[in-house]
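J.: Numbering (the working numbering), first residue to last: 205 to 377.
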Ligand code: S3P
């Protein structure tokens, strides 16, 4: 594998926790795009949306995705909106993207309380579940079009999801 295994999917699908577990299983370095953006710009993602605006956040996200994907093998957890940019989609297709899929009901349950406060997009019209349903309708085809394969992320905990991904990755074709 030249570049990283990149985990993509909706907010709440477990990209961060599964990414850490997968990196340990594969003995590869792990990075989380949102956390890396927070470190680099010294602001939480929520604050970057609020103070810098979504457009600037998306440009930063694109630049850092390209940088990390060029840095060699590893596991990269991304933010749910990474597939919105066509250049990002081209990068994902050149690497090994894995789509963590889960139903809106499961995502909404996981994203209650403090989790919701960290995600500015969930404050949209109609409440959390309606926002997630709208986002999933638009993004589902984009995730699928970039992914080498899909795993059901609502089944089992992060370690189990990571194990299923590792099995697929290591399986001889
Ligand atoms: C976003 C998802 C978030 C974060 C930002 C935007 C999105 O990451 O990048 O709030 O557009 O879906 P998670 O998927 O880790 O929640």
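Even glycine gets a Cβ: it sits at the ideal position worked out from N, Cα and C.
Quick one, which of 277, 278, 281 and 286 has its alpha-carbon nearest residue 259's?
T.: The shortest Cα separation from residue 259 among 277, 278, 281 and 286 belongs to 286.
J.: The alpha helix (DSSP H) with residue 318 in it runs from where to where?
T.: Residues 318-321.
J.: Is the beta carbon of residue 306 sitting closer than 7 Å to the one on residue 248?
T.: no
J.: Comparing the CB of residue 291 with every heavy atom of the ligand S3P, is any distance shorter than 6 Å?
T.: no
J.: Do the segment 299-317 and the segment 210-226 touch if we need at least three Cβ pairs shorter than 8 Å?
T.: yes
J.: Taking 6 Å as the cut-off, does the CB of residue 224 come closer than this to any heavy atom belonging to the ligand S3P?
T.: False, no ligand heavy atom lies under 6 Å from that Cβ.
J.: Got a sec: does the ligand S3P put a non-hydrogen atom nearer than 6 Å to the Cβ of residue 269?
T.: no
J.: What's the C-alpha gap between residue 212 and residue 333?
T.: 20 Å
J.: Anyone know if the C-beta pair for residue 268 and residue 208 falls short of 7 Å?
T.: no
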